[in-house]
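Below is one structure, written out as structure tokens, with a few remarks after it.
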Amino acid sequence: MAVEHSTATQQGDQTRIHNIGYRSYDGPRLGRSYATRSLFSQSLRGSYGLGRSVKSKVLPMLLFVVMCVPAAIMVAVAVATKARELPVDYTRYAIVMQAVISLYLASQAPQSVSRDLRFKTVPLYFSRPIETADYVRAKFAALASALFLLTGAPLIVLYAGALLAKLDFADQTKGFAQGLVSVALLSLLFAGIGLVIASVTPRRGFGIAAVIAVLTISYGAVSTLQAIAEVQDSSGAIAWMGLFSPVTLIDGVQSAFLGADSAFPGGVGPSTGEGVVYVLVTLGLVAAAYGLLLRRYRKVGL
4 MAVEHSTATQ
14 QGDQTRIHNI
24 GYRSYDGPRL
34 GRSYATRSLF
44 SQSLRGSYGL
54 GRSVKSKVLP
64 MLLFVVMCVP
74 AAIMVAVAVA
84 TKARELPVDY
94 TRYAIVMQAV
104 ISLYLASQAP
114 QSVSRDLRFK
124 TVPLYFSRPI
134 ETADYVRAKF
144 AALASALFLL
154 TGAPLIVLYA
164 GALLAKLDFA
174 DQTKGFAQGL
184 VSVALLSLLF
194 AGIGLVIASV
204 TPRRGFGIAA
214 VIAVLTISYG
224 AVSTLQAIAE
234 VQDSSGAIAW
244 MGLFSPVTLI
254 DGVQSAFLGA
264 DSAFPGGVGP
274 STGEGVVYVL
284 VTLGLVAAAY
294 GLLLRRYRKV
304 GL
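Each residue of the sequence shown is one higher than the last, beginning at 4 in the numbering used here.
Here it is as structure tokens:
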């Protein structure tokens, strides 16, 4: 780096002025795709507290363990008793553990976006090559991937245990694949809903409470109305009521197309025609969540 010197002398007092010339950057320019991948990686790691303080790791890691421990116990029982099938189907596991999944989403969705809003760092992201759509895609994909890891890991434990217990390979592989499809759809839906709710407020506490309230109240209300409909012999309305809760939406899709037993009252899930509506509503909600996030961050980034 070249340095030019000029010296001015005034009555014995000597002053030096250093004019430093800066060279332009000649290294590689990695661009938008690299910035988007970096944001995705950082957000995914942050969903499990990696790269953050020890305190930030406690809750996500604890919930991950809580998700996997029941699967490990089921496997141990199946191997010890030489059972002919697993206690819980692959497609049912996430529905049974929905409370843990909801708690994880409530804790990590605000962590992913609320801090950026609170400390007003979103415009800094957009001052670089990254654009609004890149930011939304990275955050959406990161949280969906984190949820897929949370819900998919216990299925791997169940599958490995089933093979150790020498259960039918073809049946277990088919059930495992169906379970992965189910939790992938659940991860996309829950991630979209959680991020939309969390992006509304910069306060993390409000975001946590709002996510829990939406998931809990919607499921409780739908389940109650379905139970009332069964008692009043209005079984035809049970399937349509399931469209108004994220948990029952996933339950309806997998019972209609993935061979799962329905958790609806009476154990009767939606028909194939109703199942098509479930799929369309689920995909529509995912697309709507993505669109709302784009709209939200176009305003925030101004």
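Just so you know, even glycine gets a beta-carbon here, dropped at the ideal spot from N, CA and C.
A direct Cα-Cα distance of roughly 35 angstroms separates D174 from S44. Shown here for G182: same chain residues with a beta carbon closer than 6 angstroms to its own, the five before and five after excluded, namely Y93, T94 and L158 in chain order.
With the rule of 3 Cβ pairs closer than 8 angstroms, the stretch 72-84 does not count as touching the stretch 180-198. Within the model, the alpha-carbon separation for A136 versus D171 is close to 45 angstroms.
Put simply, the backbone Cα of D236 is about 41 angstroms away from that of V68. With contact defined as three or more Cβ pairs closer than 8 angstroms, the stretch 183-198 and the stretch 284-296 are in contact. For the options E233, S117, I253 and R48, the alpha carbon positioned closest to that of Q101 is the one of I253. Spanning the alpha carbons of I98 and S105 requires a straight line of approximately 11 angstroms. DSSP places M244 inside the alpha helix (DSSP H), whose first and last residues are G239 to M244. By the Cβ rule, the stretch 227-243 does not count as touching the stretch 197-216, because fewer than three pairs are nearer than 8 angstroms. With respect to P63, Y107 sits close: the two C-beta atoms are nearer than 8 angstroms. Between T285 and V256, the beta carbon gap of about 6 angstroms places them in contact (Cβ cut-off 8 angstroms).
Excluding five sequence positions before and after A38, the CB atoms of its chain that fall closer than 8 angstroms to its own CB belong to R131, P132, I133 and D137, given in chain order. In the DSSP assignment, M70 falls within the unbroken alpha helix (DSSP H) covering V57 to T84. Taking a contact as a CB-CB distance under 8 angstroms, the pair S115 and L198 counts as one, their CB atoms being some 7 angstroms apart. Counting the other CB atoms within 10 Å of its CB gives P113 a total of 16 or more, which places it among the buried residues. In this structure, the CA atom of L218 is about 20 angstroms from the CA atom of A145. G49 carries a helical assignment under DSSP once its states are collapsed to helix, strand and coil. DSSP places V279 inside the alpha helix (DSSP H), whose first and last residues are T275 to V303. CA-to-CA, the gap between G223 and A216 works out to about 10 angstroms.
Exposed is the label assigned to L167, since fewer than 16 other Cβ atoms lie within 10 Å of its Cβ. The C-alpha of D119 is placed about 14 angstroms away from the C-alpha of A141. The residues D254, S258, V271 and G272, in chain order, have a CB closer than 7 angstroms to that of S265 in the same chain once the five nearest residues on each side in sequence are set aside. Taking the Cα of T204 as reference, the smallest distance to any Cα among A156, R87, V225 and Y300 is reached at Y300.
In this structure, L296 sits near F143, with a CB-CB distance shorter than 8 angstroms. Using a Cβ distance threshold of 8 angstroms, S248 and V225 count as a contacting pair. In the three-state reduction of the DSSP assignment, E233 falls in the helix class, which pools H, G and I. The Cβ atoms of L161 and M77 lie closer than 8 angstroms to each other. Per the coordinates, the alpha-carbon of L261 lies some 29 angstroms from the alpha-carbon of Q111.
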